[in-house]
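Peer 1: In terms of the working numbering, the sequence shown opens at residue 844 and continues consecutively. By construction, the Cβ of each residue, glycine as well, lies at the ideal position given by its N, Cα and C atoms. Just so you know, these numbers come straight off a predicted model, no measurement behind them. Submitted below is the structure of interest, expressed as C-alpha cells.
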Amino acid sequence: MGILNFASLVLLTIAGIQTAWAWRNLRDWRLAFACLTLLLAGVPGIFEFLFDVNKKPLRADFSFDEVQLFTVGVLAVVAASFIKQIIHSQQMAAVAQSVSEFQLASILENVPDAILTVDRDAKVLFLNHSDSLYTVEDVVGQSALRMLPEEAHSNMQSALAEVIQEGRSVELDVPMIDRDGSKRWYTCRMFPAGSGSPPDTATVIATNITQRKHAENELRRSRDELEQRVVERTRELALANQELRSEIIERKQTERQLFSRIEFERIISGLSSRFIDLDPGQIDPAIEDALKKLGEVSGTDHCSICHLNDSPPMASMTHEWCRDGIDPVSDLIQDLPMEQHPWLWQKIRELVPVHISNLDELPPEAKTLKVALKSREMQSFVVVPLTSGHVLWGFVSFAVKGRQVSWHDDMVALLKIVGDIFLSALERQRASEALRATEARINRLFQSNIIGSTFTDVDGVLYDANDAFLNMTGYSREDLPLRWRDLTPPEWAHLDEQALQSIRTEGVAPPREKEYFHRDGHRVPILMGTALLDKNSGECIGFVIDLTERKQAAERIRELTSRLEGASRLSVMGEMTAGLAHELHQPLAVIANYANGCIRRLSKETLDRPKLIESMQEVVAQSIRAGEILRRTRDFLHQREIQWESVYLNSVIRDAVHLAELDSRQKDVEIRLHLGQNLPDIFGDAVQLTQAILNLLLNGIQATAENPSGPKMISVESDINQDSAVQITIADTGLGIPTELRDSIFDQFFTTKSNGLGMGLAICKSTIENHGGKIWMRPGAFEGTEFLLVLPRARRELRPPVMLAKLTEQPAASAPR
C-alpha cells in the first residue's frame, strides 16, 4: 500500500470520526447519510490498504485508484469539516433558540400580566401564570367564562368574536371572580393569533387593574362626596342666602312694624288724652277719625267697631272706615245674627282674639265667614273682643284686601287697648245720654207730683221738693231749705243716720219706713228711698210716699183679720163642741166618782188615810186637767194682741193634737207623733201657731175620713232641717187635692167645703209667714197630702214684724224650690 492510500485512510478515518461526532451531536439523519456515503466511497481503498499492506511495500508511485482514494479521503475530510461546521452552526443556533425560548418563558412567567391563548369557544389553551386564586391547571382547558361573573359573559363573547372572526384587536375591562368569591378587575387586550385566516385563536393579555378600579371607585366616591358636599354647600349657601334675604325682609318688615307700632302708640297716646275731655257729642266723629289714622298707619283697608246685642246675639256696626276703593258695609251689618258665623261667635264669646293672615287658615266650621270675606276680597283680618267690666260689649276688627298680613301679638294687644279706649268713650257717651235721659225722666217725675220728690245733699239738707212732698208735710217753698233731723221724730233719727252713711259709701239708701212731722205737729207715716245723683256735688234725689192711707187700711185689715181669725176659731170650736164636752165630761166624772168614794168611806168611818190621800190627789189631777182644757179653749177663743215669746214647737204640736183628738176618735183616724228631740225654740205666738197646726190637723182628719180605702192615719213629725230651722210635716192618707186646685188652696175664701169660710189655710199661711217661715203642700203617700212648715229658730235681736196686711195679698201656693 502506498503513502497515498495511507493518507486516504487517515483522512477517511478522520472523516469517520467527524461523522460519528456529527451523528452524536446533531442526530440529523440527512447529514449522517451524506457522511456515510462518503465513507462507503472510501471503503474499497480501506480494504485494499488493509489486505495489501503486507503484500506490497510502500511505494512512491500512485495509481489512479490511489489518487481516487486520496481524493475521496480529502473530500471526506472536507465534507466532514463542512458538516462539522454546519453542525456547530446548528448547535449554536439551537443554543440561541434554547436561550430565546428560556428568555421568552422567563419573560412570560415573570411578566406581571396574565397571557392567555383562547380559542373560538373561549377555552383557555395557554396561560403563563395566574395572579388569582385559580391555578394554571384549573384554567387551561377550561372556559375562560367560568372566571367571569354572568353579567360579563356577553361582553367577553362579543369581544372574542370580533378578534377571531374580524381579526381586529380589542381592549375591554372585565371583572373576574376568584374562588373565594372576591372580585378583581382586569384590562384585557385581545389580539388575533394562529396561522389560519381567519385566525383560530386569540392572545389575551390581562392586566390586573383592581387597585386602579378601587382607586377609581374611591376617586369616584370622593368625587361624588365632593359633588354632594358641593351640592349641599351650595344648598346651604342658597338656604343661608334665602334666610339672609328672609331676615332682611323680616328686618324690614320688623322696621315697618316697629314704625307702625311707634305710630300706633303715638296715636293711642293722643287718643287717650283726647278722649278723656272730649264732649260726648264729639265722640262718634273722633272715633271715625281715629279709625282712619289707625288704618292708614297699619296698612289695613277696613276698620270697624261692632256692638253685640243679646237674645239672640246680633252684631250692629257702629263705626266704620274704608280705604279708597273699598265699599262700606255698615248698612249691611245691622242686627246681623252671629249664629250665621258660629266659629267666630264662639271665639268672641270666649273673649279670644282672632287673627288670620290667610283665609286658608280658617277651619272648615268657619265656612260661612270665609265665603263672606272672599266676597269682599279680604285676605287677612283680626277681630278683638271688647268687654265692659266682665260683660261682652262687642268687638273691633281690622281687615286687609288681597294680601297676607301677619298679625303679631303686640299688634293685637295694641288693638285691644284701642278698643278699650273707644269702648270707654262710648260707655261715657252712653252714660251721658242715659244721665240726660234719667234727668229728663226725673224732672218729669218731679213735676208730675205723682209721689213726693226731694233734692238733698249728703248731709241731709233738703233744698228742693215738688208740690206732692210739700202738700204731704204742709210746708211751702218759702220754708226751704229743711233738714231731715228737723222733720224726723227722735225715735227715727238712727234710721236717717244709717241712710246718710249708706249714701256716702254705696250711693243709695234702701227704701225705709219712718215718720215725718207735719207742719201742724202731727205725724205722717212715709216710705222713703234716696239715691246719689252726683258724687262730686253730693246731690241726692229722694222719693217719698205717704203711707197714711195705707197704714189706716192696714189697721182696718188687721181688725178685720182679727175678727176673721176669731170667727175661724169659733167655727172650729163649733165643730169641736161635742168633743170639748166629752173632754170636760171625763175629768168631771172621775172627780165625781172619787169624791163619792171618799164620802162613802167617811160615812162608814172606814177611813184609810193613804187611800183617801190617793183619791184626793186624783181629784186634784182631774181638776187640773179640766182646768187645762178650759184654759186652752179660752186662750184659743180669746181675742187678744199677738204675744211674741220663745216657743217650744213640740208643746204647740201636742196642744193642737189634744184639741183634735176627740174629732179624730169620732172619725176613727189615728194621729201618730214623731217628734224630734232637742229642737230649738222659735220666736212667735203660741196660740197662733196652735191654731195653724190645728187647722191642718182638722183638714187632714176630714180628708182621711172621707177616703173609703187605705189606712186612716195622720202622721205629725218635727225635726231640724239642713238649714238648722225647725220643720214640721203633717201627712194624711186622704183622697188628696186635685191638681187643678193645688195652686189655689192658700187663697182667701177658697174652700171645697159646703159650709167652710175658706180662711183656714189662708190664715195658716199668713201666720207661718208672719213668723218668718214657709208653708207648702205636696202629694203624699196613699194619694194623700203632706203639708210642710219651716220656722226659723229664735233670734230675739231680729223679731219678725206683724204683717197682717199680707192676708189681703194673693200669694202663689207652689212649694219653694
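Taking 6 Å as the limit between beta carbons, can you name the residues of its chain near Ser986, skipping five residues before and five after?
Peer 2: By one-based count along the sequence shown, residue 986 stands at place 143. Ala965, Lys966.
Peer 1: Based on the DSSP secondary-structure assignment, which residues constitute the bridge partners of Leu970?
Peer 2: Taking the first residue of the sequence shown as position 1, residue 970 is located at position 127. According to DSSP, Leu970 bridges with Leu959.
Peer 1: Quick check on Asp1253: does DSSP put it in helix, strand or coil?
Peer 2: Taking the sequence shown and counting its residues from 1, the one referred to as residue 1253 is at position 410. In the structure shown, Asp1253 sits in a helix (DSSP, three-state: H, G or I).
Peer 1: Report the residue from Tyr1306, Leu1338, Ala1435 whose alpha carbon sits nearest the alpha carbon of Ser1324.
Peer 2: In the sequence shown, residue 1324 corresponds to position 481, counting from 1. With the sequence shown as reference, residue 1324 is identified as Pro, and Ser is not the correct amino acid for it. The shortest C-alpha separation from Pro1324 is found at Tyr1306.
Peer 1: Drop a sphere of 10 angstroms on the beta-carbon of Ala1534, count the other beta-carbons inside from all chains shown, and report buried for 16 or more, exposed for fewer.
Peer 2: One-based indexing of the sequence shown puts residue 1534 at position 691. With the sequence shown as reference, residue 1534 is identified as Gln, and Ala is not the correct amino acid for it. Flag for Gln1534 reads buried.
Peer 1: Let me make sure I understand the geometry here. Which of Glu1068, Leu1492, Leu1540, Val1140 has the alpha-carbon closest to that of Leu1634?
Peer 2: For this step, residue 1634 is matched to residue 791 along the sequence shown. From the listed residues Glu1068, Leu1492, Leu1540, Val1140, the smallest Cα separation to Leu1634 is found for Leu1492.
Peer 1: Going by alpha carbons, who is nearest to Phe1312 out of Thr1348, Ile1384, Glu1349?
Peer 2: As a working mapping, residue 1312 is identified with position 469 in the sequence shown. The shortest Cα separation from Phe1312 among Thr1348, Ile1384, Glu1349 belongs to Ile1384.
Peer 1: Leaving aside the five residues before and after Ala1280 along the sequence, list all residues of the same chain whose C-beta is less than 8 Å from its C-beta, in chain order.
Peer 2: Start at 1 with the first residue of the sequence shown, and residue 1280 comes out as number 437. Cβ within range, chain order: n/a, list empty.
Peer 1: Would you kindly work out how many angstroms separate the C-alpha atoms of Leu1212 and Trp1164, rounded to a whole number?
Peer 2: In the sequence shown, counting from the first residue as 1, residue 1212 sits at position 369. In the sequence shown, counting from the first residue as 1, residue 1164 sits at position 321. Their backbone Cα atoms lie some 20 Å apart in a straight line.
Peer 1: DSSP beta-bridge partners for Leu1516?
Peer 2: Start at 1 with the first residue of the sequence shown, and residue 1516 comes out as number 673. Answer is Val1559.
Peer 1: Please specify which runs of the beta strand (DSSP E), each continuous and at least 3 residues long, are wholly inside the region 1148 to 1176, giving them in chain order.
Peer 2: 1157 to 1165
Peer 1: Output the residue ranges of the beta strand (DSSP E) runs that lie fully inside the region 1265 to 1342 and measure 3 residues or longer, sorted by chain position.
Peer 2: 1295 to 1299, 1304 to 1308
Peer 1: Within 10 Å of its beta-carbon, does Val1463 have 16 or more other beta-carbons around it, so buried, or fewer, so exposed?
Peer 2: Working through the sequence shown from its first residue, we reach residue 1463 at position 620. Around the beta carbon of Val1463, fewer than 16 other beta carbons lie within 10 angstroms, which makes this residue exposed.
Peer 1: Between the beta-carbon of Ala1045 and the beta-carbon of Val982, is there less than 8 Å?
Peer 2: Indexing the sequence shown from 1 puts residue 1045 at position 202. Indexing the sequence shown from 1 puts residue 982 at position 139. No.
Peer 1: So for Phe1241, helix, strand or coil by DSSP?
Peer 2: Here residue 1241 refers to the residue found at position 398 of the sequence shown. Three-state DSSP puts Phe1241 in a strand.
Peer 1: Can you give me the C-alpha to C-alpha distance between Gln796 and Ala1158, rounded to a whole angstrom?
Peer 2: The structure shown does not extend to residue 796, since the chain spans only 844 to 1660, so no value can be given for it.
Peer 1: Is Ala1002 helix, strand or coil by DSSP?
Peer 2: For the purposes of this step, residue 1002 is taken as the residue at position 159 of the sequence shown. Correct three-state label for Ala1002: helix.
Peer 1: Name the DSSP beta bridge partners of Ser1489, please?
Peer 2: What you label residue 1489 is simply residue 646 of the sequence shown in a count that begins at 1. Ser1489 is bridged by DSSP to Phe1526.
Peer 1: According to DSSP, is Asp1668 helix, strand or coil?
Peer 2: Examination of residue 1668 is not possible in this model, given that the chain is present from 844 through 1660 alone.
Peer 1: Excluding five sequence neighbours on each side, which residues of the same chain lie with their C-beta closer than 8 Å to the C-beta of Asn785?
Peer 2: With the chain covering 844 to 1660 only, the question about residue 785 has no answer from this structure.
Peer 1: Could you tell me whether the region 1058 to 1065 touches the region 1007 to 1023, where touching means 3 or more Cβ pairs closer than 8 Å?
Peer 2: no
Peer 1: Mind checking which residues open and close the beta strand (DSSP E) that includes Pro1035?
Peer 2: Taking the sequence shown and counting its residues from 1, the one referred to as residue 1035 is at position 192. Its beta strand (DSSP E) spans residues 1026 to 1036.
Peer 1: Do Gly1543 and Ile1573 have their beta-carbon atoms positioned less than 8 Å apart in this structure?
Peer 2: Position 730 of the sequence shown holds residue 1573. Position 700 of the sequence shown holds residue 1543. Cβ atoms of Ile1573 and Gly1543: closer than 8 Å.
Peer 1: Consult DSSP for Leu1390 and reduce its assignment to one of helix, strand or coil.
Peer 2: Against the sequence shown, residue 1390 aligns to sequence position 547. Correct three-state label for Leu1390: coil.
Peer 1: Could you say if the region 1252 to 1267 and the region 1227 to 1243 meet the contact criterion of at least three C-beta pairs nearer than 8 Å?
Peer 2: Contact between the region 1252 to 1267 and the region 1227 to 1243 is present, with at least three C-beta pairs closer than 8 Å.
Peer 1: For Glu1382, which residues does DSSP report across the bridge?
Peer 2: By one-based count along the sequence shown, residue 1382 stands at place 539. For Glu1382, which the question treats as bridged, DSSP gives the partners Asp1377.
Peer 1: Report yes if the C-beta distance between Ser1173 and Ser1200 is below 8 Å; otherwise report no.
Peer 2: Here residue 1173 refers to the residue found at position 330 of the sequence shown. Here residue 1200 refers to the residue found at position 357 of the sequence shown. Note that the C-beta distance between Ser1173 and Ser1200 is not below 8 Å.
Peer 1: Beta-carbon within less than 6 Å of Thr1143's beta-carbon, same chain only, minus the 5 sequence neighbours each way: which residues are those?
Peer 2: Residue 1143 sits at position 300 when you count from the first residue of the sequence shown. Cβ neighbours of Thr1143 beyond the five flanking positions: Phe1241, Val1243.
Peer 1: Quickly, what does DSSP pair Leu1634 with across the bridge? List them, please.
Peer 2: One-based indexing of the sequence shown puts residue 1634 at position 791. The partner list for Leu1634 (beta bridge, DSSP) reads Val1569.
Peer 1: Got a sec, what are the start and stop residues for the beta strand (DSSP E) Ala1133 sits in?
Peer 2: In the sequence shown, residue 1133 corresponds to position 290, counting from 1. Premise fails: Ala1133 lies in the alpha helix (DSSP H), 1126 to 1141, not in any beta strand (DSSP E).
Peer 1: Taking all protein chains shown into account, decide if Lys1378 is buried (16 or more other Cβ within 10 angstroms of its Cβ) or exposed.
Peer 2: Walking along the sequence shown from the start, residue 1378 turns up at place 535. Flag for Lys1378 reads exposed.
Peer 1: Run through DSSP, which three-state label would Lys1095 get?
Peer 2: In the sequence shown, residue 1095 corresponds to position 252, counting from 1. If DSSP states are grouped into helix, strand and coil, Lys1095 belongs with the helices.
Peer 1: Determine the extent of the alpha helix (DSSP H) in which Val983 is found, giving its start and end residues.
Peer 2: Residue 983 sits at position 140 when you count from the first residue of the sequence shown. Val983 -> no alpha helix (DSSP H), and no H or E assigned at all.
Peer 1: Alpha carbon to alpha carbon, how far is Ile1442 from Ile1434? Give it in angstroms, no decimals.
Peer 2: What you label residue 1434 is simply residue 591 of the sequence shown in a count that begins at 1. What you label residue 1442 is simply residue 599 of the sequence shown in a count that begins at 1. Going from the Cα of Ile1434 to the Cα of Ile1442 covers about 12 Å.
Peer 1: How close, in whole Å, do the beta carbons of Leu1151 and Leu1235 come, if the pair is a contact with beta carbons under 8 Å?
Peer 2: For this step, residue 1151 is matched to residue 308 along the sequence shown. For this step, residue 1235 is matched to residue 392 along the sequence shown. About 6 Å; that satisfies the 8 Å criterion.
Peer 1: Which word fits Asn1613, buried or exposed, when buried means at least 16 other C-beta atoms lie within 10 angstroms of its C-beta?
Peer 2: Here residue 1613 is taken as the residue at index 770 of the sequence shown, counted from 1. Per the 10 Å Cβ criterion, buried.
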